[in-house]
Structure formats: structure tokens, C-alpha cells
Amino acid sequence: MQEGEKKLRVVLAGNPNCGKTTLFNRLTGDHQYVGNWPGVTVEKKTGGRRVHGVQLEITDLPGVYSLTPNSPEEMIADRLLQRGEMEVVIDVVDATNLERNLYLTMQLLERRLPVVVALNLMDELRREGGSINRPALEKALGVPIIPISAATGEGMEELLSGVVHRGEMSSSCARPLYPIPAPDMPDYEEQLAKRRYGAAEYAVKQGLLFKKHPGKRLSDRVDAIVMHRFFAIPLFLVLIFLVFYLTFGSVGAFFSEGLSAGFVAVSKHVEWLLTMAGASEWVRSLVVEGILAGLGAVSAFFPQIVLLFFLLSLLEDSGYMARAAFIMDAPMRKLGLSGKAFVPLLMGFGCTVPAAMGTRILENQKDRRLTLLTLPFLSCSAKMPVYSLFIATFFSRWEPVVMFGVYLLGILLGALSAWLFQKTVLKGEEAPFVMELPPYRLPTWKSLRIHVWERVKDFFKRAGTVLLCATVFVWVLRSFSPQLQYVTDSSQSILAVVGGWIAPLFRLCGFADWRAAVSLMAGLVAKESIVSTMGVLYGGEMGLADALAEAFTPLSAGSFLLFVLLYTPCVAAISAIHREMGSFKWTAVCVVWQLSVAWYVSALFYQTGMLLLKLFS
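Heads up, our numbering is the position in the sequence shown plus 191, with the first residue counted as 1.
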């Protein structure tokens, strides 16, 4: 902000999925992810824009249907709007759902806030055969109306000019369109709601025009199939399986194998260069067997991570995932989970940290804690390199099926965990689930790019910091004895001693190898560290996959996979869970429960497998 430049504080308010975040990105140039389903924004975000010599400070509030503070996002919005710390409120209204969106508008007018209505999604309204009588709608509401399309950029200049003009007006506050009943009336809330709906209905009659009867929209026709009472859940499972088939089948494997071969070639070339340069043995070992072996083992699965998030983004942006949440509401309620919990649970397949933060959309503490206890059972993307490595090594013929089974098992055990806690220590009534089903939309390349890039950026950030440091640390402990002497035999190292103390705990699980135990410890820092650590400890001239094939049997490999699937998430995730739990005791319960389930399931799998092998051998 330049000296002497005027500052204007602007707030974006609106219903979930009305396009607020898209508008925020358009106005500020930010790159917040935009999902075609409610619940993406759970906390306020702030950005800036300079217009006509005025610096706009723009805040994007969580999407809310009402300013009645019942849910966490409504509390955030209510607190900020009550303070009056803004010169302009941009009320983002979905033109295709005008009457429902105007309920919030009525509440903003009741508070006499300086409102500008941004009538969004005008392009979709026109496709449905609708139009807006702007002068009539402005007269009915008593505030400026600016038709826009945040996705295409339509009306942005007019909106910015309107915001600046509104902010410069000395008496820019709006007024309620009806008398406000006395607060001491017995039916105060009911009377007030009726007046809001009545005013919204009148405004729609005045301002919304249809050249032809809209009839059944495309979304309605598609919903007749994807939300069918018998076909909905099977179709959901088929779509998710297709995602896994493309990711871990021939398409994803092709790119991963190519990258892996490239890393092997680079490692050999680097080793040759270091040898020619006269580098010492420990330097060559650090670079080739430490850094390159560790990071290469993880990066080989980078293409599959990109493909998985690209395909999931397609489903989200199309509007299908909102339907999936609605479909899963009934079965989730039988488990004691709120249907609204589907949103953070789905985020958990990306990363547990933002998923834990996403539980803020749940209305009560019981639902939040139950969801947080369930979240770690869902496979975050950081575990995917471990799955890909072991499944490709031991179960390559059935890779997509086994991968889908691993993810599905995590979901089932998470569901069972939720049911047990709901029946014992977390009893209580679930909050009602209300979710607007957005229209189906063609995903935009920009939105897909932002979503995938955020995951890719996080991958590179972790690879360049946490994984690199962890890899070097593991190499040091693997290469030096307790007497701090350099050793080439890792069994004589500090790491072998530490791992030897822990390894017996996994004897019943079938992998009582100090290297496997140490790799699981590294996974507490970051789950990708499991593969990078194995790259350092098991890797060698024969390659990591061949080394693992000698160290594990298919049965013990399956047991190891199950433990990785179910055991405690990384330190960052635990910290996020503790922050949202608001209780050290419940965080400890979550960690201990995860470890216990992981060990018992892994041991049960291995011991049952061994018993069956003895019976049928």
C-alpha cells in the first residue's frame, strides 16, 4: 500500500457453493482451491487489489446459509460482520437459486450493512433460459445489483467500480425491507423468518424472468441416474475403482516405471562423476545410497500421485462429490457420523492436516471428535508410495484391485471405529445434515491445475525439506557405529541397535526386521519417509524392489501394508488433530487407538495366513 493511498475493507459473504472463492481468486489473483461442492472454505481468507487508486483489502468468509450462529462457519461470519470492520459487503448471490440466496441478503440488510449484490452465475442462468430485470430487482432490494460471472470474468470491472463507489458514499448502509418484530414476541424467530422469505419471494417475482419454462435441468436428469435408490452406491464404488484402475494400472505404472528408470540412470551417472572427481567413499555413499536412493524411491511414484488427484478433482469439480456426500449420509448416520462429515473425510484422502481443519464445518463437538477419530484410518496421499512399492513388488498382477482393497479396508475399519466409539464413549444425537446439491459443471482447466498443483507443491516442499533431512539423518545413523566409526555394514550401525530394540514388537506381525521397524519410525515424521528410509536401508546394487522381495514374503508384505494403512499419522497430522480436538486426552486416545488397531489387524492377518498355509500345505 502506497503512502496516502485510501484503503477500503471489503468482505465477501454468501451461501456455500455460490462462487465466492472463485470471485475471491478473480479479484485478488489468489489461487485458493475452488470445489464444486459446499464446505470448501472453512475459515476466512484475505487478499488485496488496487482499483482506481484505492487499495481493496478483500476477505472471503466461509459460505453460510444464515447469520444465525449455530455452526462454526456461521460463527466466523457473524463475528466479523458484527464488528463492522468493513466499508463494503459484497453479497455473492447465485442467480440460479435466487430466492434461497436472498434469505442471507435479508439478514445483511437487517444489519444495515453497506451491501453490493454480486449476482453470480449469470452465464448458467442464461443457459437455463432466464434473465434478470436489473432495475426492478434493485428497486425491490434497495441496493446496487451487479450481474457477474466469476468463472468467466463477466462484470468484474463494473463490480470493482461499484464497490469503490459504495465505499466512498457517506451514507452507504442498506435498510431492512420490512418492519423488524419486537425481540420479546413469543414467536419472534418465526415471524422474522416469514418476513425474510416473503421479501425474498417478492424480489424474485420482480427481478427474475424466464423466456421459457426451464423444465428439468440437466442436473436433474443426471441425478435421476447417479442418485437412484438402488444404483447410487454401486455407481459410486465403480467410479472410485475406475480412478484406482487408471492410477495404479497400466497408465500410472507406465509413467512411474519411466521415472524410476530415469532415477537409476541418474544415480549411476552421478556415482561415475563422483568417482572421477576423486570423492571419498563416504561422500559417494551419502549422495548415491543416501540422498538419491531415498528421494528416488519416493519420487518414482510422483506421476501416480498427480494422476490420482487429477481424477479426483474431475469428480469434485463436476459436482459429483456433493452427490456422493448426500448418498453416503444414510449409511454414515447408522455409524454415528454426520453426513456433513463426508466433506473432511474425503479431504483425508489428500492430507489429514487440512481434513482435520475441515471438521470445523461440523456443528457439535461430539461429531467433530468422532470424525477426527475416524480420519487417520483413511489413506492420505503420503502413504501411496508405500502401497505402490509393495503392491508392485508382491502383487503386480492384481495391482489396481489390491490398491482399491487397501483403501476400502481403511474406510471399513474407520467406519467400524466410528460405530464403536458412538456406541460407547461418544453417544449423542447427530446434527441435521443440510447440503445444497450444486449443478453439474464442466471442470475448468484452471481449477484442476490449482488443485493438482497444491498437492504437487506440497510433495516437492516435503521432498526438499522433511524427506531430504530425514534421508540424510537415516544415512548418518546407518553409516556409523555406536563408537562413531564409519561402517559399510549397516547391521553394525547405530540404527541397527535402535531398530533391534523395536523389531521384536512386530514378530507376530511377520516383519521383525530392524530395517522395517526403523522405516515405520521414520513414517511418524512423514509417511513418504518410509519409502525413502527403505531406499537407504534396503537399497543397493540389486535395487529396492529386489531387496524387499528377499526381505519379505507376500504374506509379511501384506501385513506390513496393513500396519502402514492403520497406524498413527505423521506428527503434523497429530498436531492438527490435537488442535481441533481441543483436548490432550482425546488426542492420546486417537494415537493409542490407531497403534492398537494397526498392530492387532496386522498380527491377525499374518497369523491367520500362516495357519492357513500350514493347513493347506
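Glycine included, each C-beta is placed from N, C-alpha and C at the ideal position.
**Contact check, Val577 vs Val755, beta carbons under 9 Å** = yes
**Request:** Excluding the 5 residues preceding and the 5 following Val231 in the sequence, name in chain order all residues of the same chain whose CB lies nearer than 6 Å to its CB.
**Result:** Because Val231 carries a pLDDT of 49, less than 50, the predicted location of this residue cannot be relied on, and the following value inherits that uncertainty. Here the set comprises nothing.
**Asked** Taking just the CA atoms, how far does Glu719 sit from Thr744?
**Response** 22 Å
**Message:** Can you check which of these residues, Phe500, Ile336, Gly254 and Met418, is closest to Lys648 by C-alpha distance?
**Reply:** Phe500
**Prompt:** Can you give, in chain order, each stretch of the beta strand (DSSP E) that sits fully within the stretch 391–440 and has at least 3 residues?
**Reply:** 399–401
**Message:** On a Cα-Cα basis, can you pick out the residue from Val478, Ser670 and Leu675 that is closest to Ser681?
**Reply:** Ser670
**Message:** So, at 6 Å on beta carbons, what are the nonlocal neighbours of Phe796 in its own chain, with the 5 sequence-adjacent residues on each side left out?
**Reply:** Ser750 and Leu753
**Item:** Leu299 to Leu272 span [Cα, whole Å]
**Value:** 9 Å
**Message:** Can you tell me whether Lys197 is helix, strand or coil according to DSSP?
**Reply:** strand
**Cα-Cα separation between Pro207 and Ala736, rounded to whole angstroms** = 47 Å
**Request:** Taking Thr778 as part of the alpha helix (DSSP H), name the residues at either end of that continuous run.
**Result:** Phe775 to Phe807
**Asked** Looking at C-alpha atoms only, which residue of Phe435, Leu437 and Asp520 is the closest neighbour of Ile424?
**Response** Asp520
**Item:** beta strand (DSSP E) segment containing Asn311, residue limits
**Value:** Val306 to Asn311
**Asked** Does the stretch 509–525 come close enough to the stretch 579–595 to have 3 or more Cβ pairs within less than 8 Å?
**Response** no
**Request:** Could you give the DSSP three-state label for Gly691: helix, strand or coil?
**Result:** helix
**Request:** Can you tell me the Cβ-Cβ gap for Leu218 and Arg240, rounded? I've got them flagged as a contact below 8 Å.
**Result:** 5 Å
**Prompt:** Taking the C-alpha atoms as reference points, what is the distance between Thr759 and Val709?
**Reply:** 15 Å
**Prompt:** Which full runs of the alpha helix (DSSP H) of 4+ residues lie inside the stretch 564–606, going along the chain?
**Reply:** 575–585
**Item:** Counted within 10 angstroms of its Cβ, other Cβ atoms place Gly605 as buried (16 or more) or exposed
**Value:** buried
**Request:** Would you mind working out which of Ala373, Gln246, Ile371 and Val201 sits nearest Arg308, comparing C-alpha positions?
**Result:** Going by the sequence as given, residue 308 is Val instead of Arg. Comparing Cα positions, the closest option is Val201.
**Request:** Starting from Leu735, trace the alpha helix (DSSP H) both ways and give me its first and last residue.
**Result:** Leu735 to Ala742
**DSSP-derived helix/strand/coil call for Gln246** = strand
**Backbone secondary structure at Val225 - three-state DSSP** = With a pLDDT of only 45 at Val225, under 50, the local geometry of the prediction cannot be trusted, and the value read off the model is given with reservation. Coil, per DSSP.
**Per-residue DSSP class, three states only, for Ala703** = coil
**Request:** Check the C-beta distance from Glu301 over to Ile371 and give it rounded, since I have them as a contact under 8 Å.
**Result:** 6 Å
**Asked** Excluding sequence positions up to five away, which residues of its chain have a Cβ less than 7 Å from the Cβ of Ala694?
**Response** Ala703, Asp704, Trp705 and Ala708
**Asked** Contact check, Leu316 vs Ala286 under 8 Å by CB: the rounded distance?
**Response** 4 Å
**Asked** Does DSSP put Ile371 in a helix, a strand or coil?
**Response** coil
**Request:** Note the first and the last residue of the continuous beta strand (DSSP E) segment covering Ile339.
**Result:** Ile339 -> no beta strand (DSSP E), and no H or E assigned at all.
**Prompt:** Measuring CA to CA, which of Gly333, Val429, Cys571 and Thr679 is closest to Gly714?
**Reply:** Cys571
**Request:** With a 10 Å radius around its C-beta and 16 neighbouring C-beta atoms as the bar for buried, classify Val457 as buried or exposed.
**Result:** exposed
**Prompt:** Would you say Gln495 faces chain D, with C-beta separation under 9 Å as the test?
**Reply:** Here there is only one protein chain, and chain D is not present.
**Prompt:** Hey, Ser787 and Phe697: beta-carbon distance below 9 Å or not?
**Reply:** no
**Request:** Could you tell me which of Gly541, Leu536 and Val688 sits nearest to Asp558, measuring between CA atoms?
**Result:** Leu536
**Prompt:** So is Ala513 buried or exposed if we call it buried at 16+ other beta carbons inside 10 Å?
**Reply:** buried
**Prompt:** Taking the continuous alpha helix (DSSP H) assigned at Gly527, which residues delimit it?
**Reply:** Taken as a continuous stretch (DSSP letters only), Gly527 belongs to no alpha helix (DSSP H), as it is neither H nor E.
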